[in-house]
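K.L.:
Numbering (the numbering used here), first residue to last: 80 to 350.
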């Protein structure tokens with residue numbers, strides 16, 4: 080006899096995403112579009128987290144709203160949480176607020192990228208606004224400031240307004256051209272770059288084009304989400320096909336965070 084447990088109103092959404100309170104176009108490939116993922120996600124809009132407010136710096140009230148959102152997603156059964164706006168400066172606070180993994184920025188991959196390329200090569204960082212990105216947020220675990228190169232898109236004509244003007248639409252080709260311009264400028268000024276990390280979450284739909292142009296490994300918030308999800312879902316599904324995978328024991332996967340999602344299996348004997 081196999082006993083299935085719940086414990087939350089719904090199960091099966093391993094990744095919770097704290098969304099900024101914006102109306103930007105979230106196309107497939109963007110962190111805020113459900114079609115970006117081949118597994119279920121749960122979105123939570125943090126009220127008041129406008130682009131303007133985030134750019135000015137996350138204040139105490141806004142941080143509290145993100146913390147409340149993280150706790151809500153945990154209570155709803157999510158097994159890991161990320162954000163639609165890079166909040167690396169508050170990684171510790173958010174991770175401490177819940178019992179499940181939290182990852183607030185694609186910059187978490189910067190040190191990983193540095194480890195897989197030649198030691199003399201740099202990690203290029205594409206960011207929405209270079210003026211607001213503290214280089215110290217990029218380093219750690221063997222990655223020093225000398226090995227990073229940052230390029231911002233704050234002065235672009237299409238990309239920056241698409242996500243920070245309050246507009247609900249943009250011309251794809253124009254935004255893509257801005258992203259490729261920034262990546263090209265980064266490569267030209269730093270020809271010793273060996274990998275690229277797209278820090279701005281809005282860059283994710285365009286990072287494949289960046290990778291093709293640069294010919295380099297390119298990481299973004301979506302690649303990080305897939306990495307975390309692959310670990311979370313490792314024992315749950317036959318990879319990302321939405322199929323139960325109990326293996327030889329026939330025990331269904333555990334949904335939700337233990338002990339609420341713990342599966343008890345009892346083997347009956349012959350009578």
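Glycine included, each C-beta is placed from N, C-alpha and C at the ideal position.
Since this is a predicted model, take the numbers as computed values, not measurements.
1. Pick helix, strand or coil for residue 110, following the three-state DSSP scheme.
2. Excluding the five sequence neighbours on either side, which residues of its own chain have a C-beta within less than 6 Å of the C-beta of residue 220, listed in chain order?
3. Could you tell me which uninterrupted beta strand (DSSP E) segments, each at least 3 residues in length, are contained entirely in the segment 146 to 196, listed from first to last along the chain?
4. Buried or exposed for residue 310, please, with buried defined as at least 16 other CB atoms from any protein chain shown within 10 angstroms of its CB.
5. According to DSSP, is residue 264 part of a helix, a strand, or is it coil?
6. Reducing DSSP to helix, strand and coil, say where residue 104 ends up.
7. Tell me, to the nearest whole angstrom, how far the beta carbon of residue 88 is from that of residue 155; I am working on the premise that it is less than 8 Å.
8. Would you mind stating whether residue 148 and residue 212 have Cβ atoms separated by less than 8 Å?
9. Pull up the distance between the alpha-carbon of residue 318 and that of residue 298, whole angstroms please.
10. Kindly indicate the opening and closing residues of the beta strand (DSSP E) around residue 273.
11. Where does residue 93 fall in DSSP's three states?
12. Please list, in chain order, all residues of the same chain as residue 108 whose beta carbon is under 6 Å from its beta carbon, the five residues on each side excluded.
13. So, under 8 Å CB-CB, residue 250 and residue 226 are touching, yes? Tell me the CB distance rounded to an integer number of Å.
14. Taking DSSP as the reference, what is the three-state secondary structure of residue 136?
15. So the beta strand (DSSP E) residue 303 belongs to, where does it begin and stop?
16. Between the C-alpha atoms of residue 174 and residue 82, what's the straight-line distance to the nearest angstrom?
17. Between which two residues does the alpha helix (DSSP H) containing residue 293 stretch?
18. Is DSSP giving residue 221 helix, strand or coil here?
19. Taking Cβ positions, are residue 205 and residue 278 nearer each other than 8 Å?
20. For residue 121, name the three-state secondary structure that DSSP assigns.
21. Does the segment 194 to 201 come close enough to the segment 121 to 139 that 3 or more CB-CB pairs lie under 8 Å?
22. Spatial neighbours of residue 160 within its chain, please: CB distance less than 8 Å, with the 5 preceding and 5 following residues excluded, ordered by chain position.
23. Report the three-state DSSP secondary structure of residue 88 (helix, strand or coil).
24. Please name the residue, chosen from 269, 267, 123 and 260, that lies closest to residue 286 on a Cα-to-Cα basis.
25. Just curious, the beta strand (DSSP E) that residue 228 is in, first and last residue?
26. What is the residue span of the beta strand (DSSP E) that residue 352 lies within?
P.N.:
Concretely, from the data shown:
1. coil
2. 190
3. 159 to 162
4. exposed
5. helix
6. coil
7. 7 Å
8. no
9. Legend: pLDDT at residue 318 = 49, less than 50; position of this residue unreliable, value from coordinates given subsequently. If I take the Cα positions, the gap works out to 21 Å.
10. 272 to 277
11. coil
12. 115, 283 and 284
13. About 35 Å; that fails the 8 Å criterion.
14. coil
15. Careful: residue 303 lies outside any beta strand (DSSP E), inside the alpha helix (DSSP H) at 300 to 311.
16. 32 Å
17. 286 to 293
18. coil
19. yes
20. strand
21. no
22. 94, 95, 96, 97, 149, 152, 153, 173, 177, 179, 180, 181 and 182
23. coil
24. 260
25. 227 to 231
26. Outside the displayed span of the chain (80 to 350) sits residue 352, for which this structure offers no information.
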